[in-house]
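The structure under discussion appears below in the form of structure tokens.
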Amino acid sequence: KMMRDNNLVRHLDACETMGNATAICSDKTGTLTMNRMTVVQVFITGHYYKGLPRLKDIPASAMDLLTTGIGVNCAYTSKILAPEKDGGLPSQIGNKTECALLGFSLKLDRHYQAIREKIPEESLFKVYTFNSERKSMSTVLYNPDGSYRMFSKGASEILLLKCCMILASSGEAIPFRTQKRKEIMKQVIEPMASQGLRTICLAYKDFPAADGEPNWEDEEDILSNLTCIAVVGIEDPVRPEVPEAIRKCQQAGITVRMVTGDNISTARAIACKCGILNTGEDFLCMDGKEFNRLIRNSQGEIEQGLIDKIWPNLRVLARSSPTDKYNLVKGIIDSTVLKKRQVVAVTGDGTNDGPALKKADVGFAMGIAGTDVAKEASDIILTDDNFSSIVQAVKWGRNVYDSISKFLQFQLTVNVVAVIVAFTGACITQDSPLKAVQMLWVNLIMDTFASLALATEQPTDALLLRKPYGRDKPLISHTMMKNIVGHAIYQLAVIFTLIYHGEILLNIASGRNAPLHAPPSVHYTIVFNTFVLMQIFNEINARKIHGERNVFEGIFKNTIFCVILLGTLLAQILIVQVGGSPFSCVALNWQQWLICACLGLGSLLWGQVVSSIPSCGCPKVIKPATREILLNIASGRNAPLHAPPSVHYTIVFNTFVLMQIFNEINARKIHGERNVFEGIFKNTIFCVILLGTLLAQILIVQVGGSPFSCVALNWQQWLICACLGLGSLLWGQVVSSIPSCGCPKVIKPATRAEK
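Count along the sequence shown from 1, add 6, and you get the number used in this note's numbering.
Here it is, written out as structure tokens:
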């Protein structure tokens, strides 16, 4: 189902974790934007064009430099293909920024493919590929006269600083003064960036043969004294659905941060369009260089305290590297500045995004633009590279949590009632009102059918109206506890009334104290039927666990729920009417069915009464400390996702198993005998199984490792576990000392005939 919402889940636990996310650090390009880039503004030969220049506006020499630089200094794998359908858009293959430049070349009637045929890829002398530190790409061509020409493209504010010449209106290169550079920065680049355009500078440099062979390893010298050809503004429109998706995230208590490689003006403009930044809000926007400076102390080391001063108000991190992204994610996760630990989701598509994706609680990789390394490091892959799909993941995560809670609420109610009825009936009437086959049917309802019905609810936008639960929130909330206790009280009241006064109220023969192998009674058939119908109708109540009054809202949108509910009801009718002796049932008449149905429907009415009771009246949840004082070990509670096994929970597991192993010896005697070891060695199979189980447990704990979520224990910890396990034998002696007559006396009420 999540796959249909463009979420390919690689780690199942990430789905539930995403429902608890409090922060999302998102890339801009392709996630918040459409990743379909086009050149819309150009500065060339001293003129600033708010649209695209005409062919005649650009001198021939400048045109040759511009189009040749675009053709050879873009990856030869980047290309633009004709539309697949008439009237469609051309397909962009490869790097989208390069595709925008190639498209610009096509609009100038200079096909880049003709340039590439003239200068094939294998003839390129040297290529300085783009990286996050250099922020530029350069390609060197070897000329027949022994000289070289290098074409460069990159971030405008960085590459312009390396230019000492610029093309004039005549197409000739003239000195590029500092004052002129400042004018271009203020009058061209800043206006472009303020409109959300990505600004790219195109430049070139000649290496005359007379100067000798350059030192190609000295990048600082090679990438200096360039000649500026043009500055282009590339538009990457915000996805239409993104502003609404971000608004929903903010409504759901999730802070969205943009982490991008674009300059700060472009990033701020896009953040405003997306809704990450809103008018009147006092949030931070900074670039990676400033961020790195502020989070480091005088020794150059990163300090958590310095990060804590920044991240709560940071919304946009521009000109950032993958390392900056990792430091931000780690800083948010490790922070203790807020009461609750932040649950962070991160998007990434590059190879260098791997560390940040792994560090995050949930890592999202791009399915279209993402590299294999990013996908391997991720928990969920967005098959459409769209931010709105992350919102769907949040909804599914919260829906999974709610589905588990719904099932628990329903199952605990059934269990509490069934156990009390069976136990009380056995003690008082020496016969359970619910027979073995009937209990199996009830278990089938509450385990298999109920889990399918309650776990198949579709996520709705209402899930985003609540804040994240918090990592330490108890699974059974106050409202759920109120519902469990409230419905159990109603059902027990109805069942006990029917068991002990039903024969009088309904004018039927009593089913209590029936002799062995007696035929089924109408009395206990009504008890069983009413019990099952109350569970069926309470299944509708269990659809809502947050105190909602309308339990029918959206019920018909869940076809599986409706089919299971009606199927269970039909099966119950067949069991009662034609099940006969195998189900200990007698066919009921319509009046008796009406009584059972009314009592079952009473669960729905009682549910409204329970919903009216304030949840704050329930007992408060006690939150224990995070340090296990008794054993002086680190707590295993609230461990982060994918955390290694803990000694704490290994001891819990080991003690539990050892208690079962030693209690197996107690279970050999069921008539109050004190010597539970009597004849134990005569049963070879028992001894072999007991010792084999003990040996297997030792191996699981000591060498099982992560597959069994265990850590090898030392001898002191094993001694503690063994003593607690042996305590089962000692406690068995205590229990055996308690006289059975001390149990409540059996009350034998009169039969209807005796009354």
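Where is the CB? At the ideal position from N, CA and C, for every residue including glycine.
Asked, Found
"Distance, Phe110 Cα to Val45 Cα", "6 Å"
"The beta strand (DSSP E) enclosing Tyr82, as first and last residue numbers", "Element bounds for Tyr82: n/a, residue is neither H nor E."
"Sequence-distant residues of the same chain with beta carbon closer than 6 Å to Leu605, five excluded per side", "Val500, Thr536"
"Three-state secondary structure (DSSP) of Ile316", "coil"
"First through last residue of the alpha helix (DSSP H) which encompasses Tyr496", "484–512"
"Beta-carbon proximity check, Gln348 vs Ala29, cutoff 7 Å", "yes"
"Reduced DSSP secondary structure (H/G/I, E/B, other) of His53", "strand"
"Three-state class that DSSP yields for Lys7 in the structure shown", "coil"
"Inter-residue CB distance, Ala179 and Ile172 (contact presumed, cutoff 8 Å)", "7 Å"
"Contact the segment 466–485 vs the segment 430–440: 3+ CB pairs below 8 Å", "no"
"Identity of the residues DSSP links to Val45 by a beta bridge", "Ile240"
"Beta carbon of Ile581 nearer than 7 Å to that of Thr462", "no"
"Completely contained alpha helix (DSSP H) runs for the segment 393–477, where each covers 4 or more residues", "393–434, 442–450, 456–461"
"Range of the contiguous alpha helix (DSSP H) that encloses Phe662", "653–672"
"Local Cβ density within 10 Å of Glu559, reported as buried at 16 or more and exposed below that", "exposed"
"Segment limits, beta strand (DSSP E) that includes Ala179", "179–181"
"Through-space distance from Lys346 to Gly642, alpha-carbon basis", "17 Å"
"Beta carbon of Gln578 nearer than 7 Å to that of Val538", "yes"
"Buried or exposed by the 16-neighbour rule on C-beta atoms within 10 Å, applied to Ile691", "exposed"
"Buried versus exposed call for Arg404 [16 or more other C-beta atoms within 10 Å across all chains shown]", "buried"
"Where Gly354 sits in the DSSP three-state scheme", "strand"
"Own chain partners of Ile121 with C-beta closer than 7 Å, once the 5 adjacent residues on each side are dropped", "Thr73, Thr74, Gly77, Val78"
"Contact under 7 Å by Cβ, Asp355 with Gly376", "yes"
"Start and end residues, beta strand (DSSP E) containing Ala161", "154–161"
"Within 7 Å, strictly: CB atoms of Ser153 and Pro214", "yes"
"Contact set for Gln739: own chain, Cβ-Cβ below 8 Å, skip 5 residues either direction", "Arg680"
"Contacts around Glu225, its chain only, beta-carbon distance under 8 Å, and the 5 residues preceding and following it disregarded", "Tyr134, Arg140"
"Validate contact between the segment 665–673 and the segment 725–740 using beta carbons, cut 8 Å, 3 pairs", "yes"
"Whole-angstrom distance between Gly492 and Val400, CA atom to CA atom", "31 Å"
"Residue range of the unbroken alpha helix (DSSP H) whose run includes Ser734", "721–743"
"Contacting residues, own chain, Cβ-Cβ under 6 Å from Ser341 (five flanking each side not counted)", "Asp314"
"Backbone secondary structure at Arg555 - three-state DSSP", "coil"
"Cβ-Cβ separation, Leu14 to Gly369 (assumed contact under 8 Å), whole Å", "Not really, about 13 Å apart at Cβ, beyond 8 Å."
"Touch test, the segment 304–318 against the segment 269–276, Cβ-Cβ under 8 Å, three pairs minimum", "no"
"Cα-Cα separation, Ala515 to Gln444", "21 Å"
"Candidates Leu312, Phe297, Lys365, Glu296: closest to Asn303 by CA position", "Leu312"
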